[in-house]
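Residue numbers for the sequence shown, in the working numbering: 604 to 720. For every residue, glycine included, the Cβ atom is placed at its ideal position computed from N, Cα and C. All values derive from a computational prediction rather than experimental measurement. Below is one structure, written out as structure tokens; comments come after it.
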Amino acid sequence: HYYCYILQSADGRRSYAGSTCDLGRRLRQHNGDLVGGAKCTRTGRPWCFWHVVAGFPDQRSALRFEWRLKQHRGWYRSLRGTPLERRGVLLRAAHAWARVALPTLWLCGKDAQEELK
């Protein structure tokens, strides 16, 4: 199974979107427990999952959805609200673009994070 996810920084002021086939390992990489996290997640640690989209049949589909989540040039900064609210607008746009019903998991808080470990 492949997933797309949105991370939230510890202070709640930053977000990051990515894709993976192993959510637990990828979160540990972003938080610096394992090597291989994205360079832009070095600041804002610890990160936690804010939103996870599941059900992609292959890696290519997950990467295409991630690409759509990041297509915000020109209009992302004009959106109002917190970074997560703006990322939510991008998420709804990506769901509409995918034209497929994908299972969605909302993972806010520490209890939800423990389930992935």
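Listed in chain order, the non-local C-beta contacts of residue 649 below 6 Å within the same chain comprise 613 and 634, local neighbours out to five positions each way being set aside. Annotated three-state conformation of residue 612 is coil, per DSSP.
Around the beta carbon of residue 700, a 10 Å sphere encloses fewer than 16 other beta carbons of the protein chains shown; the residue is thus reported as exposed. In this structure, the beta-carbon distance from residue 672 to residue 637 does not fall below 8 Å.
Here residue 690 has 609 and 618 as same chain residues with Cβ atoms under 6 Å from its own Cβ, once five neighbours each way along the sequence are excluded. The continuous stretches of beta strand (DSSP E) do not include residue 639, and DSSP gives it neither H nor E.
In the DSSP assignment, residue 707 is bridged to 656. Taking C-alpha positions only, residue 632 is separated from residue 621 by approximately 12 Å.
Residue 621 sits in a strand when the DSSP states are folded into three classes.
Membership of residue 648 in any alpha helix (DSSP H) is not indicated, and neither H nor E is assigned to it by DSSP. For residue 633, the enclosing alpha helix (DSSP H) covers residues 626 to 633. Residue 604 and residue 664 have their alpha carbons spaced roughly 11 Å apart.
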